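Here's the structure, in structure tokens; my notes come after.
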Amino acid sequence: MSFTRHYDELLGHFTRATGDREAARDLVQESHARAWALGPRLDAVLDLRALLFRIGRHLVIDEARRRRAEAQALHNLALLCEQDAAPSAERCCAASQQLERLSARLALMPLRRRTAFILVRVHGFSHAEAAAHMGVSVAGIEKHVVRATLDLAPRALLAAAAAAPKAGSTTATAATAPIATAPAATAQP
1 MSFTRHYDEL LGHFTRATGD REAARDLVQE SHARAWALGP RLDAVLDLRA
51 LLFRIGRHLV IDEARRRRAE AQALHNLALL CEQDAAPSAE RCCAASQQLE
101 RLSARLALMP LRRRTAFILV RVHGFSHAEA AAHMGVSVAG IEKHVVRATL
151 DLAPRALLAA AAAAPKAGST TATAATAPIA TAPAATAQP
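Heads up: the sequence shown begins at 1 in the UniProt record's numbering, then just goes up one per residue.
Structure, rendered in structure tokens:
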């Protein structure tokens with residue numbers, strides 16, 4: 001298969017799409033590399049041009065998502081900086097410890113669960129997009145994200161949620177029962 005036959009057309013298309021010729025060159029090169037990585041499966045491809053355009057389009061979408069996530073993170077960081085222009089050493093230490101705990105919990109997760117969580121919650125993939133990216137079902141992605149969220153939830157929050165009464169429950173617990181008040185003392189003449 002001749003990869004060079006479509007190079008100029010791909011370069012022109014992605015230069016117009018990105019507005020940056022160097023970025024377009026990188027996209028075309030990465031498109032070719034990913035197609036070439038298919039190895040023997042590439043022989044089954046009926047339209048190499050369409051495959052290269054599709055791979056390139058997905059790369060543009062992935063880059064846009066990455067930039068959007070990065071912009072959101074920078075925006076959130078700016079908001080935090082506005083709230084407290086000079087965070088105390090305590091707050092910096094607490095934030096650093098919280099980040100370490102989060103990283104440790106992520107590292108303990110099974111790879112597929114961690115990947116699904118990061119794709120959906122960090123990179124902004126929809127469940128369907130993450131499923132296609134990972135080669136699993138949408139239901140599988142949903143389960144991975146829920147389990148990862150539970151894995152990351154603080155233990156005290158999970159314990160409180162487990163102790164809370166279920167919706168529609170008719171039995172009152174000590175936490176939800178009305179407080180009984182003592183009868184008011186009557187004044188004696």
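Note that CB positions come from ideal geometry on N, CA and C, so glycine has one too.
Note that the structure is a prediction, hence the values are computed from the model and not measured.
Given a threshold of 16 other Cβ atoms within 10 Å of its Cβ, counted over all protein chains shown, does residue i qualify as buried or as exposed?
i, result
"A95", "exposed"
"I61", "exposed"
"R91", "exposed"
"R41", "exposed"
"P183", "Only weak support is given to the placement of P183: the predicted model assigns it a pLDDT of 44, under 50, and the value that follows is read from those uncertain coordinates. Its Cβ having fewer than 16 others within 10 Å, P183 is exposed."
"E22", "exposed"
"E129", "buried"
Would you mind working out which of the options sits nearest residue i, comparing C-alpha positions?
i, options, result
"A24", "W36, D8, R147 and R34", "D8"
"D151", "R101, L48 and S126", "R101"
"P154", "F117, H123, I141 and R105", "R105"
"T15", "R57, A131, A71 and H133", "R57"
"L59", "G39, Q98, V45 and A35", "A35"
"R54", "R113, R114 and H13", "H13"
"P110", "K143, D26 and L46", "K143"
"L72", "H127, V122 and R147", "First, the residue type needs correcting, since residue 72 is Gln and not Leu in the sequence shown. Residue V122 is the option with its Cα nearest to Q72."
"R112", "C93, L99, A148 and Q98", "A148"
Using a Cβ-Cβ cut-off of 6 Å (strictly less than) and excluding sequence neighbours within five positions of residue i, which residues of its own chain qualify?
i, result
"L11", "A24 and V28"
"residue 214", "The displayed coordinates of the chain run from 1 to 189. Any statement about residue 214 would go beyond what the structure contains."
"V145", "A116, F117 and V120"
"A44", "none"
Note the first and the last residue of the continuous alpha helix (DSSP H) segment covering residue i.
i, result
"G12", "Y7 to T18"
"M134", "H127 to M134"
"S31", "R21 to W36"
Classify residue i as helix, strand or coil using the three-state DSSP reduction.
i, result
"A50", "helix"
"P110", "coil"
"H123", "coil"
"A153", "coil"
"A184", "Interpretation of A184 is limited by its pLDDT of 45, a score under 50 that renders its predicted location unreliable; the figure taken from the coordinates is listed afterwards. Three-state result, A184: coil."
"V45", "coil"
"S88", "coil"
"S137", "coil"
"P178", "Because P178 carries a pLDDT of 42, less than 50, the predicted location of this residue cannot be relied on, and no value is offered for it."
Using a Cβ-Cβ cut-off of 7 Å (strictly less than) and excluding sequence neighbours within five positions of residue i, which residues of its own chain qualify?
i, result
"G124", "R65, R68 and A69"
"E30", "L59"
"T186", "Since pLDDT at T186 reaches only 46, below the 50 mark, its modelled position is unreliable, and the value read off the structure follows with that caveat. Nothing meets the Cβ criterion."
So, at 8 Å on beta carbons, what are the nonlocal neighbours of residue i in its own chain, with the 5 sequence-adjacent residues on each side left out?
i, result
"L79", "none"
"A132", "none"
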